[in-house]
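2 protein chains.
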Amino acid sequence: MHNAVLHRRHFIIGAAGTAGAVATVGMAGPGSVALAQDAKPLPDYVAWKDADAVIVHSNNTLEMKRGQGGTSGITPADQLYIRNNVTAPGEEIVADPDAWSVSVEGVRNPRGMTVGELKKLGVDTVAAVLQCSGNGRAFFDHEASGTQWTVGAAGNVLWSGVPVRVVVEELGGLADGAKFMTGTGGETIPEGIDPKTVMVERSVPVEAMENAILAWEMNGAPVPLAHGGPLRLVIPGYFGVNNVKYIKTLAFTEQESDAKIQQSGYRVRPVGVKGAPDQPSMWEMGVKSWVTHPLMEAGTGRVQIHGVAFGGTNPVEKVEVSTDGGQSWQEARFIGPDLGRYAWRPFVLAAELAPGTHTIASRATDSQGNAQPEEFEPNERGYGHNGWRDHAVDVTVG
Amino acid sequence: MHNAVLHRRHFIIGAAGTAGAVATVGMAGPGSVALAQDAKPLPDYVAWKDADAVIVHSNNTLEMKRGQGGTSGITPADQLYIRNNVTAPGEEIVADPDAWSVSVEGVRNPRGMTVGELKKLGVDTVAAVLQCSGNGRAFFDHEASGTQWTVGAAGNVLWSGVPVRVVVEELGGLADGAKFMTGTGGETIPEGIDPKTVMVERSVPVEAMENAILAWEMNGAPVPLAHGGPLRLVIPGYFGVNNVKYIKTLAFTEQESDAKIQQSGYRVRPVGVKGAPDQPSMWEMGVKSWVTHPLMEAGTGRVQIHGVAFGGTNPVEKVEVSTDGGQSWQEARFIGPDLGRYAWRPFVLAAELAPGTHTIASRATDSQGNAQPEEFEPNERGYGHNGWRDHAVDVTVG
Numbered sequence: 001m002h003n004a005v006l007h008r009r010h011f012i013i014g015a016a017g018t019a020g021a022v023a024t025v026g027m028a029g030p031g032s033v034a035l036a037q038d039a040k041p042l043p044d045y046v047a048w049k050d051a052d053a054v055i056v057h058s059n060n061t062l063e064m065k066r067g068q069g070g071t072s073g074i075t076p077a078d079q080l081y082i083r084n085n086v087t088a089p090g091e092e093i094v095a096d097p098d099a100w101s102v103s104v105e106g107v108r109n110p111r112g113m114t115v116g117e118l119k120k121l122g123v124d125t126v127a128a129v130l131q132c133s134g135n136g137r138a139f140f141d142h143e144a145s146g147t148q149w150t151v152g153a154a155g156n157v158l159w160s161g162v163p164v165r166v167v168v169e170e171l172g173g174l175a176d177g178a179k180f181m182t183g184t185g186g187e188t189i190p191e192g193i194d195p196k197t198v199m200v201e202r203s204v205p206v207e208a209m210e211n212a213i214l215a216w217e218m219n220g221a222p223v224p225l226a227h228g229g230p231l232r233l234v235i236p237g238y239f240g241v242n243n244v245k246y247i248k249t250l251a252f253t254e255q256e257s258d259a260k261i262q263q264s265g266y267r268v269r270p271v272g273v274k275g276a277p278d279q280p281s282m283w284e285m286g287v288k289s290w291v292t293h294p295l296m297e298a299g300t301g302r303v304q305i306h307g308v309a310f311g312g313t314n315p316v317e318k319v320e321v322s323t324d325g326g327q328s329w330q331e332a333r334f335i336g337p338d339l340g341r342y343a344w345r346p347f348v349l350a351a352e353l354a355p356g357t358h359t360i361a362s363r364a365t366d367s368q369g370n371a372q373p374e375e376f377e378p379n380e381r382g383y384g385h386n387g388w389r390d391h392a393v394d395v396t397v398g
Numbered sequence: 001m002h003n004a005v006l007h008r009r010h011f012i013i014g015a016a017g018t019a020g021a022v023a024t025v026g027m028a029g030p031g032s033v034a035l036a037q038d039a040k041p042l043p044d045y046v047a048w049k050d051a052d053a054v055i056v057h058s059n060n061t062l063e064m065k066r067g068q069g070g071t072s073g074i075t076p077a078d079q080l081y082i083r084n085n086v087t088a089p090g091e092e093i094v095a096d097p098d099a100w101s102v103s104v105e106g107v108r109n110p111r112g113m114t115v116g117e118l119k120k121l122g123v124d125t126v127a128a129v130l131q132c133s134g135n136g137r138a139f140f141d142h143e144a145s146g147t148q149w150t151v152g153a154a155g156n157v158l159w160s161g162v163p164v165r166v167v168v169e170e171l172g173g174l175a176d177g178a179k180f181m182t183g184t185g186g187e188t189i190p191e192g193i194d195p196k197t198v199m200v201e202r203s204v205p206v207e208a209m210e211n212a213i214l215a216w217e218m219n220g221a222p223v224p225l226a227h228g229g230p231l232r233l234v235i236p237g238y239f240g241v242n243n244v245k246y247i248k249t250l251a252f253t254e255q256e257s258d259a260k261i262q263q264s265g266y267r268v269r270p271v272g273v274k275g276a277p278d279q280p281s282m283w284e285m286g287v288k289s290w291v292t293h294p295l296m297e298a299g300t301g302r303v304q305i306h307g308v309a310f311g312g313t314n315p316v317e318k319v320e321v322s323t324d325g326g327q328s329w330q331e332a333r334f335i336g337p338d339l340g341r342y343a344w345r346p347f348v349l350a351a352e353l354a355p356g357t358h359t360i361a362s363r364a365t366d367s368q369g370n371a372q373p374e375e376f377e378p379n380e381r382g383y384g385h386n387g388w389r390d391h392a393v394d395v396t397v398g
């Protein structure tokens, strides 16, 4: 099994443009075939992205290439991944961001509030990892359906907006019985389709509101349409799907949403089993890390191995690096400012590599002592992979 | 005098596109006239900048508009100011960044090193304010010559590269007698001109090397040509001019450079006095802050006053805000992650403003107890202004 996984991984790195020559061996499966085709052009609504930094999987799915993003700690907007469940609304909704209105429900004094009003209520800034539930899906052996992300459906972003708890306080506090915070996206649902089957409406435990913000700014600029502008619900520590774009309703509810994306979508279950409400939902993220350099080849002698590590809902405590496939480990050094518990941290370890092939792996541990597992249990849709072995890279030195 | 200053300031905010209607009253002086003209297009080498976020003063000087940059803490690359002393080299120098070579001199084993080699030596990341020496020049009454920057010749940037001390250690340590760190830029000097009169070669005290890096990355992407790529000397806490772009020589020297930019340029002296080597050089930055919102008008009721504050070479300790022109002050709250001692921090203070005109000021204090002065002594070239009164804004509420 291990060899199959390695082959699959190498193929994907190759397809990402790092070393195309290795990309054609030992491949099988629909995800791989799709990746082997020529690079797709950037869709119009994300024409401003850095075409060299991303892989266009489809109109609604763009992945940051492994090795992009550097060691600065923040992912540039033009490299950040895109994953839309429904086609994005038109650019007209970001023409006058302050005019966008969100309906706040499940509070004592429910009403609509424009972004302009929200900006007067309060402002805070949080750095948080944004990561698709399926990031790492390509590493599963069972070829889970969905975009074959390796590590690039994730980024570290500075979000700025009003804390949700400030909004709730302004509106008199939560209504009785509120157990979930439910966000509804502003996408247009095509006619003739039952809205519940495609709408983006996600519920998370109401406790998540303590750290959530309604964000109008991302990395120092208004949130672009492609990333959910004019207003996005940001829930630090939670998987991307819960960070509802173009949010039009924020409701505090007794029940989880009855939309398909909540009821059966984004549920962790064994391979072959259908999604159902009693299965775990893709809410809180776990501890994770991966190497971003080197990826395929390196010269002999000293090399600076670097990557990123984060704790999910807990702060990341440490990250170790192995250059021998996990037989021995050395603690790496975090570099740059600590951006807070929900952010990732770039790490670096200097190593001397002899000629030959080295399997370089990283393994992060959070503040509660949770470490990345070596292997990660397969699940039907390929969600939440944080096993360190599959995320390792084989680097040829010489 | 105070009224004249206010008029001048208002004119400039208006010219920046916030409220053009107020821009034509009570104006005089060459700087003001230049600003009153139509917006210039972006020069080719910075065509990727956000045209709506910047003021094009000239081909070599672009200013971020006051109010841009948001509350995230990091200045997006496409909003960051530009100030070149000499025309930038051609794009070809960033085509293969790793091939760029810097000659390291004044060490025991001097030699040239490529960026590719430097990347193997080590890597670190620092957030640092980049600020032109003349930022705030427009606020001086004596119409100092040079670009009439208000607050936008500054940004907060994540830099990543190799620490200079690691490079020095690799090359055997400093040569005897090194008192200065001298960087030379890679600009092409036009023929027929004495190079010493125009070259960018700056010396700083050798102690500055402890925190300096040779940076190949800015905000998560390779340093763009316009900002000094492929390799820029970054000296956290020092004014922009010392952060030499396209660095081709890094020398540890007994004397300061004999280039004009060092000998008589960037020297603080009384109005009317010529520059000379015995005057203070524009090295370390002081504590500073300014309000970024609101700027001209605000609705009645609650408003979130925000801005940025930094300590220069020391960490910023606190920032106070006044809504009555400095008669009373309230401590503002820093928001978002603390990016370290050389970074700026966004701050916010909620206020209720009655109808009328309010003079909103901010005053930062660093960890050593140094606070921004109310007035700032004029100097010939208009350098280093951090007086809080001139940086205040008059906001009309109602």
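These protein sequence lines map, in sequence, to chains A and B. Residue 1 is where the first sequence starts when you use the numbering used here, and the numbers rise one by one after that. Residue 1 is where the second sequence starts when you use the numbering used here, and the numbers rise one by one after that. Even glycine gets a Cβ: it sits at the ideal position worked out from N, Cα and C.
Alpha-carbon to alpha-carbon, residue j and residue i
{"i": "Val291 of chain A", "j": "Ala392 of chain A", "result": "7 Å"}
{"i": "Val33 of chain B", "j": "Ile247 of chain A", "result": "Note that Val33 of chain B scores 38 on pLDDT, short of 50, meaning its location in the model is unreliable; the coordinates nonetheless yield the value given after this. If you take the alpha carbons of Val33 of chain B and Ile247 of chain A, they lie about 45 Å apart."}
{"i": "Gly29 of chain A", "j": "Glu143 of chain A", "result": "Caution applies to Gly29 of chain A, whose pLDDT of 35 falls short of 50 and renders its modelled position unreliable; the value that the coordinates give is listed next. Approximately 7 Å between the Cα atoms of the pair."}
{"i": "Leu250 of chain A", "j": "Arg341 of chain A", "result": "25 Å"}
{"i": "Val395 of chain A", "j": "Arg333 of chain A", "result": "21 Å"}
{"i": "Val232 of chain B", "j": "Gly185 of chain B", "result": "The amino acid occupying residue 232 of chain B in the given sequence is Arg; Val does not appear at that position. Computed Cα separation, rounded: 9 Å."}
{"i": "Asp390 of chain A", "j": "Ile360 of chain A", "result": "11 Å"}
{"i": "Asn60 of chain B", "j": "Leu349 of chain A", "result": "39 Å"}
{"i": "Gly325 of chain A", "j": "His358 of chain A", "result": "7 Å"}
{"i": "Val218 of chain B", "j": "Gly70 of chain A", "result": "Residue identity differs from the one stated: residue 218 of chain B is Met in this sequence, not Val. Spanning the two alpha carbons is a distance of roughly 9 Å."}
{"i": "Ala88 of chain A", "j": "Lys245 of chain A", "result": "9 Å"}
{"i": "Asn370 of chain B", "j": "Asn135 of chain A", "result": "48 Å"}
{"i": "Gln148 of chain B", "j": "Gly384 of chain B", "result": "13 Å"}
{"i": "Glu263 of chain B", "j": "Phe252 of chain B", "result": "Rather than Glu, the amino acid found at residue 263 of chain B in this sequence is Gln. Each residue's Cα considered, the two are about 17 Å apart."}
{"i": "Trp283 of chain A", "j": "Met209 of chain A", "result": "13 Å"}
{"i": "Gln279 of chain B", "j": "Gly177 of chain B", "result": "23 Å"}
{"i": "Thr114 of chain A", "j": "Leu174 of chain B", "result": "60 Å"}
{"i": "Asn85 of chain B", "j": "Thr197 of chain B", "result": "11 Å"}
{"i": "Pro355 of chain B", "j": "Glu169 of chain A", "result": "26 Å"}
{"i": "Val397 of chain A", "j": "Ala298 of chain A", "result": "5 Å"}
{"i": "Gly31 of chain A", "j": "Gly275 of chain A", "result": "A caution first: Gly31 of chain A carries a pLDDT of 36, below 50, which makes its placement in the model unreliable, though a value can still be read off. So the two alpha carbons sit approximately 21 Å from each other."}
{"i": "Val241 of chain A", "j": "Leu80 of chain A", "result": "15 Å"}
{"i": "Trp100 of chain B", "j": "Asn211 of chain A", "result": "45 Å"}
Test item: CB-CB of residue i and residue j under 8 Å
{"i": "Ile82 of chain A", "j": "Leu62 of chain A", "result": "yes"}
{"i": "Glu201 of chain B", "j": "Ser257 of chain B", "result": "yes"}
{"i": "Ile427 of chain B", "j": "Asp338 of chain A", "result": "Look at the range of chain B in this structure, 1 to 398, and you will see that residue 427 of chain B is not part of it."}
{"i": "Leu121 of chain A", "j": "Asn243 of chain A", "result": "no"}
{"i": "Ile55 of chain B", "j": "Lys65 of chain B", "result": "yes"}
{"i": "Ser289 of chain B", "j": "Gln368 of chain B", "result": "no"}
{"i": "Gly172 of chain B", "j": "Asn109 of chain B", "result": "yes"}
{"i": "Leu214 of chain A", "j": "Gly67 of chain A", "result": "no"}
{"i": "Ser72 of chain B", "j": "Gly220 of chain A", "result": "yes"}
{"i": "Met181 of chain A", "j": "Phe239 of chain A", "result": "no"}
{"i": "Ala400 of chain B", "j": "Ala364 of chain B", "result": "Lying outside 1 to 398, the shown extent of chain B, residue 400 of chain B is not represented and no answer is given."}
Per DSSP, the bridge partner or partners of residue i
{"i": "Gln372 of chain B", "result": "According to DSSP, Gln372 of chain B bridges with nothing at all."}
{"i": "Ile360 of chain A", "result": "A:Val393"}
{"i": "Asn156 of chain A", "result": "A:Val129"}
{"i": "Pro346 of chain A", "result": "A:Val308"}
{"i": "Thr300 of chain B", "result": "DSSP output for Thr300 of chain B lists no bridge partner at all."}
{"i": "Phe252 of chain B", "result": "B:Met181"}
- request: Decide if the segment 152-166 of chain B is in contact with the segment 185-200 of chain B; the criterion is three or more beta carbon pairs, one per stretch, under 8 Å apart.
  value: Taking a contact to require three or more Cβ pairs closer than 8 Å, the segment 152-166 of chain B and the segment 185-200 of chain B do not qualify as touching.
message: Quick test of the definition: if touching needs 3 or more C-beta pairs under 8 Å, does the segment 221-231 of chain B touch the segment 39-51 of chain B?
response: yes
Contact residues within the segment 100-113 of chain B, judged by C-beta distance below 7 Å to chain A: Of all residues in the segment 100-113 of chain B, none has a C-beta nearer than 7 Å to a C-beta of chain A.
message: With three or more beta-carbon pairs closer than 8 Å as the criterion, would you say the segment 372-384 of chain B touches the segment 260-275 of chain B?
response: yes
Selection of the segment 60-78 of chain B by Cβ proximity to chain A, strictly under 7 Å: Gly69, Gly70, Thr71, Ser72, Gly73, Ile74, Thr75 and Pro76
field: Inter-stretch contact at 8 Å, needing at least 3 Cβ pairs: the segment 307-327 of chain B / the segment 342-360 of chain B
entry: yes
query: Can you list, in chain order, the residues of the segment 302-326 of chain B whose Cβ is nearer than 7 Å to any Cβ on chain A?
result: Arg302, Val303, Gln304 and His306
- prompt: If contact means a Cβ-Cβ distance below 8 Å, which residues of the segment 197-221 of chain B contact chain A?
  reply: For the segment 197-221 of chain B, the set of positions with a beta-carbon nearer than 8 Å to some beta-carbon of chain A reads Glu217, Met218, Asn219, Gly220 and Ala221 in chain order.
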